[in-house]
Amino acid sequence: MKVREMVWWWWIYIAVAVQASIKGEDYVTYDGRSLIINGQRKLLFSGSIHYPRSTPQMWSSLIAKAKEGGVDVIQTYVFWNLHEPQPGQYDFSGRYDLVKFIKEIQAQGLYACLRIGPFIESEWTYGGFPFWLHNVPDIVYRTDNGPFKFYMQNFTRNIVNLMKSEGLYASQGGPIILSQIENEYQNVEAAFHEKGPIYVKWAAKMGVELETGVPWVMCKQTDAPDPVINTCNGMRCGETFGGPNSPNKPSMWTENWTSFYQVYGGEPYIRSAEDIAFHVALFIAKKGSYINYYMYHGGTNFGRTASAYVITSYYDQAPLDEYGLLRQPKWGHLKELHIVIKNCFTPLLQGVQSNFSIGPLQQAYVYEEGMEACVAFLVNNDSTKNATVQFQNNSFELLPKSIGILPDCQNMVFNTAKVSTKPNKRITTLTKMFNEVDMWKEFKEDIPNFLDTSLRSNSLLEHMNTTQDKSDYLWYTFSFQPNSTCSQPVLHVESLGHVVHAYINTIFIEAGHGSHDTKGFSMDIPITLIDGINNVSILSVMVGLSDSGAFLESRYAGLTKVTIQCSESYIYDFTNYTWGYQIGLEGEKLQVFKEQSLEEVEWSEIDDSTNKSLTWYKTTFDAPIGDEPIALNMSSMQKGEVWVNEQSIGRYWVSFLTSKGNPSQTLYHVPRSFLNPTGNLLVVLEELNGDPLQISLNTISLVNVNSPFSYHHLPQ
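Residue numbers -20 to -1, 1 to 696, in mature numbering (1 follows the signal peptide of the UniProt record, and there is no 0), belong to the letters of the sequence shown in order.
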């Protein structure tokens, strides 16, 4: 970057800050030590809470619990595909009400960090991009590409202008103290060769020129141009972060992963409170001044918003679980850590740092502010045993892999590996079984054959481009007449989609699927053919779109090869053949999950046939008394989607077991705000052979492991 251009950017930034100061509003600047708000250095703890992954009725409680836990900032992405589902058509209603969410943060006296992106990844389908971008001529995402930059800039500008119009930037007296442009771009930058760095400079310049009056950040971007701050993402930024790319920028950690996202077929990742606390303390000891917990509350991937193979529950192991309940001891241990660190923020932000060895695997980090204040972090990197260390003529015992904090350099008041908060566990209480046949009605999908279709092609079409992401489902159909010598035929299917259901002459044959870590899969299915014309119908299913990597716009999904082998020497290859296609399921098109559309199809009593694939079920129920969170136990089902009062609570895939033989998720959150006191409509789409008579409704509460008493509010 040219020196003249860099100076010009700084003048824009300073001018906005000065203007805010003159008006008496908050202004945010920074130096090499910390963010500076209204002239005061800030050491800030932040927590990620994503507004569309919960409900407006939950926001106040979630933010209050974060504040009680010692969080100063609420950090959220902005979700482009929610807000601009079609070009120029914006939606900020209900769970998408970003302004209301930011104002709730402000009402509770906290700051906000707005990660506009607009690429966000976040295990969110298509990385947050609206799928209509895919259809823009000559577009290449996230590079020096004119069409992409036009739409990216337009959305970013509209979000910034919306925030300005509501007075939500700190420079206007609002809570937003930081904005983020792009997201972990350095992971893919090399794929775009010389255009990558050009795009980085353009994105930074574009953001700064929007004149928000607050700093911009780029996470995991070591070449973030001035004045944009490069930040760290990961679990161990105190060990892995190379630091700011300028001595005038503070050390910031925008994603401290409190657990990890979970995929179908994968076990949950459990990260201990002790490990999180260790790495937070280490980052602070090494001059870190902003740490964000990703996630502080994960929430729920409602509807079809989860990315490829990601389960509906999101970061359930966060300090606040999916339902917004405290996960102990994680929440309480971090709260204690925050209190200790905030009590010595002055020497941490204004003192002189020194560090030195106090043992073979032990280190001391000391901050001194003249003779008045001193704080020390004593680090034991030995994960196998205790360490006795000498510091300032005193002896201290450090637990394995721990950091002891001495706010006065004399007394150890906190050790990251010593947890005083009692653990709790979540319990479910059965409130209703849907186990009576007459409770349910069912509607079976018709299996389309080639003659039922109107969309035709002489080749296999790509799934996503064909459905335009309007549905997870795409039918591939063809018909053929085998010769008389076709004995013991085997249907061979290869797919780069996620799931395949195969039907021969409308009879279900077999299902197959891939996984999060594999790009494709194949099936070899012995089949029975009839004399004359045979109809082959193959349902390709996507379980979310990919959210990461370069060239998202050119990804391929769907069937890639279909053959029927009649003998070792004779194979019918249908890859280049006349195919008929049907987008989506009939029940989706008719929206049978909506009250006003129920009469569009003929519902019948549940039958006892063995063929239950692609069946819709409906029933009603009353809301449980009380205010405890509610969940449906779907362990008797296999794969599909659930709606409550017309709102999708997400996909389920109980039949995809982990390596230990367990479903990845069986409980599905039903927010109380979705419910009426009585007569709630429950609609289930089952793709395979689940049993709705074993679905149950449950309330969720907490119990201390060492106590018989349960609670689901903040402990006193």
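For each residue, glycine too, the CB sits at the ideal point set by N, CA and C.
Through-space distance from residue j to residue i, alpha-carbon basis
i: Q674; j: Y648; result: 14 Å
i: L440; j: S635; result: 28 Å
i: V359; j: V399; result: 17 Å
i: V479; j: M522; result: 7 Å
i: D362; j: A397; result: 12 Å
i: T446; j: I563; result: 8 Å
i: K80; j: S41; result: 14 Å
i: P205; j: P227; result: 13 Å
i: K200; j: Y295; result: 21 Å
i: T364; j: G154; result: 48 Å
i: K450; j: L565; result: 11 Å
i: G4; j: M392; result: Confidence is the limiting factor: at G4 the pLDDT is only 44, short of 50, which leaves the residue's position unreliable, though a coordinate-based value still follows. Distance between the alpha carbons of G4 and M392 is about 41 Å.
i: L90; j: A46; result: 10 Å
i: G68; j: E103; result: 25 Å
i: W455; j: V650; result: 31 Å
i: I209; j: Y179; result: 16 Å
i: residue 701; j: F458; result: Lying before the first or after the last residue shown, residue 701 is absent from the chain, which here runs from -20 to 696.
i: G331; j: G107; result: 41 Å
Proximity test, Cβ basis, 8 Å: residue i and chain D
i: H313; result: No chain D is present in this structure, which holds just one protein chain.
Local conformation of residue i per DSSP, three classes
i: residue 709; result: Lying outside -20 to 696, the shown extent of the chain, residue 709 is not represented and no answer is given.
i: T123; result: coil
i: T136; result: helix
i: P672; result: helix
i: K22; result: strand
i: T457; result: strand
i: residue 701; result: Look at the range of the chain in this structure, -20 to 696, and you will see that residue 701 is not part of it.
i: L682; result: strand
i: M186; result: helix
i: S145; result: helix
Short Cβ contact (8 Å threshold) for residue i with residue j
i: V140; j: C93; result: no
i: A265; j: F357; result: yes
i: I16; j: D6; result: no
i: F130; j: Y121; result: no
i: E101; j: N61; result: no
i: E548; j: Q618; result: no
i: G659; j: V290; result: no
i: F654; j: N625; result: yes
i: residue 697; j: P195; result: Outside the shown range of the chain (-20 to 696) lies residue 697, about which nothing can therefore be said.
i: T543; j: D553; result: yes
i: F282; j: S628; result: yes
i: K322; j: L23; result: yes
i: I256; j: L300; result: no
i: Y249; j: F240; result: yes
i: V51; j: Y270; result: no
Environment of residue i [buried if 16+ CB atoms lie within 10 Å]
i: V572; result: buried
i: G126; result: exposed
i: R436; result: exposed
i: I2; result: Residue placement at I2 cannot be trusted, given a pLDDT of 37 that sits under 50; what the coordinates show is reported in the next sentence. Its Cβ having fewer than 16 others within 10 Å, I2 is exposed.
i: H173; result: exposed
i: Q37; result: exposed
i: E(-16); result: Confidence in E(-16) is poor, its pLDDT being 44 and thus under 50, which makes the residue's placement unreliable; the coordinate value appears in the next sentence. Burial call: exposed.
i: Q448; result: exposed
i: F531; result: exposed
i: L431; result: exposed
i: M444; result: buried
Best match in the options for proximity to residue i [C-alpha to C-alpha]
i: Q152; options: V120, T192, N684 and L158; result: T192
i: A253; options: I156, D418, Q308 and S549; result: Q308
i: C324; options: E626, C354 and Q55; result: C354
i: V188; options: T211, Q160, K598 and Q645; result: Q160
i: Y288; options: T211, G606 and A537; result: At residue 288 the sequence reads Ala, which differs from the Tyr that was named. Closest by alpha carbon: A537.
i: P340; options: T368, K315, I319 and H313; result: T368
i: N335; options: E348, R251 and Y453; result: E348
i: K83; options: W112, P110, V260 and Y31; result: Y31
i: residue 779; options: L190, G477 and V168; result: Nothing in the structure corresponds to residue 779, since the chain is present only between -20 and 696.
i: T292; options: V663, L306 and A611; result: A611
i: N236; options: I505, I250, T508 and C217; result: C217
i: E474; options: S26, S502 and C466; result: S502
i: T508; options: G494, V683 and A482; result: A482
i: E48; options: S269, W311, M198 and G19; result: W311
i: M215; options: S434, H496 and A261; result: A261
i: Y303; options: H318, Y597 and T280; result: T280
i: L329; options: V346, L317 and E316; result: V346
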